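Below is one structure; the comments refer to it alone.
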Amino acid sequence: MQLDQASSTQLREWETSLAQEYQQFKASGLNLDLTRGKPSAEQLNLSDGINVILGNDLSNESNTDLRNYGGLDGIPECKRLFAEVLGVANDEILIGGNSSLTLMYFAVLFAQNQGFGALGASWASEGKTTKFLAPVPGYDRHFSVCEHLGIELIPVALNDDGPDMDAVEQFVKADPSIKGIWCVPRFSNPTGTVYSEQVVDRLAQLGKLAGSNFRVFWDNAYAVHSLTDDAPELANIMDRCRAHGTEDSVYLFGSTSKITYAGAGVAFAGMSKANIKAFSQHLGMSQIGPDKINQLRHVRFLKDSQGLKAHMRAHASVLKPRFDIVLKHLREGLADTGMASWNEPQGGYFISFDTLPGLAKEVVKLAAEAGVKLTPAGATFPYGKDPDNKNIRIAPSVPSLEEIDRAMAVFVNCVKLASVRQRLS
Numbered sequence: 001m002q003l004d005q006a007s008s009t010q011l012r013e014w015e016t017s018l019a020q021e022y023q024q025f026k027a028s029g030l031n032l033d034l035t036r037g038k039p040s041a042e043q044l045n046l047s048d049g050i051n052v053i054l055g056n057d058l059s060n061e062s063n064t065d066l067r068n069y070g071g072l073d074g075i076p077e078c079k080r081l082f083a084e085v086l087g088v089a090n091d092e093i094l095i096g097g098n099s100s101l102t103l104m105y106f107a108v109l110f111a112q113n114q115g116f117g118a119l120g121a122s123w124a125s126e127g128k129t130t131k132f133l134a135p136v137p138g139y140d141r142h143f144s145v146c147e148h149l150g151i152e153l154i155p156v157a158l159n160d161d162g163p164d165m166d167a168v169e170q171f172v173k174a175d176p177s178i179k180g181i182w183c184v185p186r187f188s189n190p191t192g193t194v195y196s197e198q199v200v201d202r203l204a205q206l207g208k209l210a211g212s213n214f215r216v217f218w219d220n221a222y223a224v225h226s227l228t229d230d231a232p233e234l235a236n237i238m239d240r241c242r243a244h245g246t247e248d249s250v251y252l253f254g255s256t257s258k259i260t261y262a263g264a265g266v267a268f269a270g271m272s273k274a275n276i277k278a279f280s281q282h283l284g285m286s287q288i289g290p291d292k293i294n295q296l297r298h299v300r301f302l303k304d305s306q307g308l309k310a311h312m313r314a315h316a317s318v319l320k321p322r323f324d325i326v327l328k329h330l331r332e333g334l335a336d337t338g339m340a341s342w343n344e345p346q347g348g349y350f351i352s353f354d355t356l357p358g359l360a361k362e363v364v365k366l367a368a369e370a371g372v373k374l375t376p377a378g379a380t381f382p383y384g385k386d387p388d389n390k391n392i393r394i395a396p397s398v399p400s401l402e403e404i405d406r407a408m409a410v411f412v413n414c415v416k417l418a419s420v421r422q423r424l425s
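Counting in full-length UniProt numbering, the sequence shown runs from 1 upward without gaps.
Here you go:
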């Protein structure tokens, strides 16, 4: 089905056939969900050994009573394990509670209102509306943090090698009220993009170009989440920052939410020692210490970088067949039709799909009425506004293989039906 080569008669015939197929899907009573990138029960089961691994043995390197208060920055062995994931030194990492989103929210909140200790005053003290750059399509919860705190979001294109750095550099040079940029640098949500070495190096230099106390928010949520052994690696931004003398200009984040238990993992933040000092002082106003026992059981369970890699290969063996089914349907149903484009990621949790301009909301609506729930159109853009109304994020991790197969048959039908109807109109 080549859309742009079809006659009006062919389009009407296709519309009739696709509509009949769609009605059959509606009548089948499906109830399938492809909305959020959560680990499946099968993936969570991979980490069940973590529940019994400690027994009654809470011995640890620092001989700390982990049952008590204290240890705001985390236990040494946990810091060492995840410092390697973030690519920072052992004294440049703080281990938090379960959620990296909490650490990111606090980082923005503290920067906006409390400041940076010896590094400078808060963004709000400058008396101007704080602004952030938001590579798009991107992660909706990043956008929500800024929206909640009254920070203006400025979209910039996310290319195949990372953010459009020409645009980024022009923005920050022209407007010192731009104080940050959100980045998911390896297997970006939702495109699967891995930032190139050149892009990482240019991001590391933004601290020299931007206004005071600019920060790169480096959410490396999928640092170890490859689907294949030959997936591209990511350049170390902290090393690049050190080379340019900008190590205070980056905050790095990660967690085990998609490594062990999404609801009972550990989160971590990497920063220069000066940033760690200021951040810890502010964080100490809200808590006395995180769950150190949970930190210890993660260290015992994952052991080291090799143990972590082996564990993530097990995750990939569960996830990759799900991605393969999605891509099979897209290739067989939509390749060379002129109706859509999509990415084929080598890691992460999502597939980014573009309809023809103006059709994403209609496709999501049609799919929902046929029993397949998708992430709302526009969710991957600030304020929920995709200017082209074309991007849809597909999250295939939770449903079973059979459910994904059925859901994607519906999805492809909805894309075709909406595309043909648009052409007819």
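For each residue, glycine too, the CB sits at the ideal point set by N, CA and C. A quick note: this is a predicted structure, and the numbers were derived from the prediction, not measured.
Asked, Found
"Inter-residue spacing [alpha-carbon to alpha-carbon] between Tyr69 and Asn60", "15 Å"
"Identified DSSP bridge partners for Gly358", "DSSP lists no partner for Gly358."
"Three-state secondary structure assigned by DSSP to Asp201", "helix"
"Contact set for Ile53: own chain, Cβ-Cβ below 7 Å, skip 5 residues either direction", "Arg297, Arg300, Phe301"
"Coarse secondary structure for Leu32, derived from DSSP in three states", "strand"
"Anticipated Cβ contact below 8 Å, Leu158 with Pro137, distance rounded", "7 Å"
"Counted within 10 angstroms of its Cβ, other Cβ atoms place Met104 as buried (16 or more) or exposed", "buried"
"Helix, strand or coil at Phe323 according to DSSP, with G and I counted as helix", "helix"
"Entirely enclosed alpha helix (DSSP H) segments - the region 151-237, minimum 4 residues", "165-174, 197-204, 206-209"
"Sub-9 Å separation of Thr380 and Ser419 beta-carbons", "no"
"Cβ shell of Gly29 (< 6 Å), same chain only, five flanking positions each side left out", "none"
"Proximity below 9 Å, CB of Val88 to CB of Leu234", "no"
"Ser17 to Ala6 span [Cα, whole Å]", "15 Å"
"Segments of 4+ residues assigned as alpha helix (DSSP H) that fall wholly inside the region 332-387", "360-369"
"Residues bridged to Asn391 (per DSSP)", "Asp354"
"Burial state of Asp73 (16 or more Cβ within 10 Å)", "buried"
"Tyr139, DSSP secondary structure in three states", "coil"
"Beta-carbon spacing of Ala316, Thr228 below 9 Å", "yes"
"Minimum C-alpha distance to Gln346 - residue among Leu119, His225, Ala335", "His225"
"Where Leu149 sits in the DSSP three-state scheme", "coil"
"Backbone CA spacing between Asp219 and Leu424 [nearest angstrom]", "43 Å"
"Proximal residues to Ala107 (C-beta, below 6 Å), its chain only, five neighbours per side dropped", "Tyr251"
"Same chain only: Cβ atoms within 7 Å of Met165, ignoring 5 sequence neighbours per side", "Val199, Arg202"
"Cross-strand partners of Tyr251 (DSSP beta bridge)", "Phe217"
"Residues near residue 432 in its chain [Cβ-Cβ closer than 7 Å; skip 5 each side]", "Only positions 1 to 425 of the chain appear in the structure, and residue 432 is not among them; the question remains open."
"Residues that Leu133 bridges to, as DSSP identifies them", "Ile154, Ile181"
"Closest Cα partner of Leu308 within the set Gly55, Val85, Ala41, Tyr22", "Val85"
"Under 9 Å between C-beta atoms of Asn189 and Phe350", "yes"
"Pair within 9 Å by beta-carbon distance, Tyr222 and Phe279", "no"
"Exposure of Thr129, with buried meaning 16 or more beta-carbon neighbours within 10 Å", "exposed"
"Boundaries of the beta strand (DSSP E) in which Phe268 is found, first to last residue", "267-270"
"Integer Cβ distance of Pro174 from Val156, believed to fall under 8 Å", "In the sequence as displayed, the identity of residue 174 is Ala instead of Pro. About 13 Å; that fails the 8 Å criterion."
"Contact the region 114-126 vs the region 203-210: 3+ CB pairs below 8 Å", "no"
"Which residues DSSP lists as bridging Ile75, in chain order", "BP columns for Ile75 are empty, so no partner."
"Where Ile50 sits in the DSSP three-state scheme", "helix"
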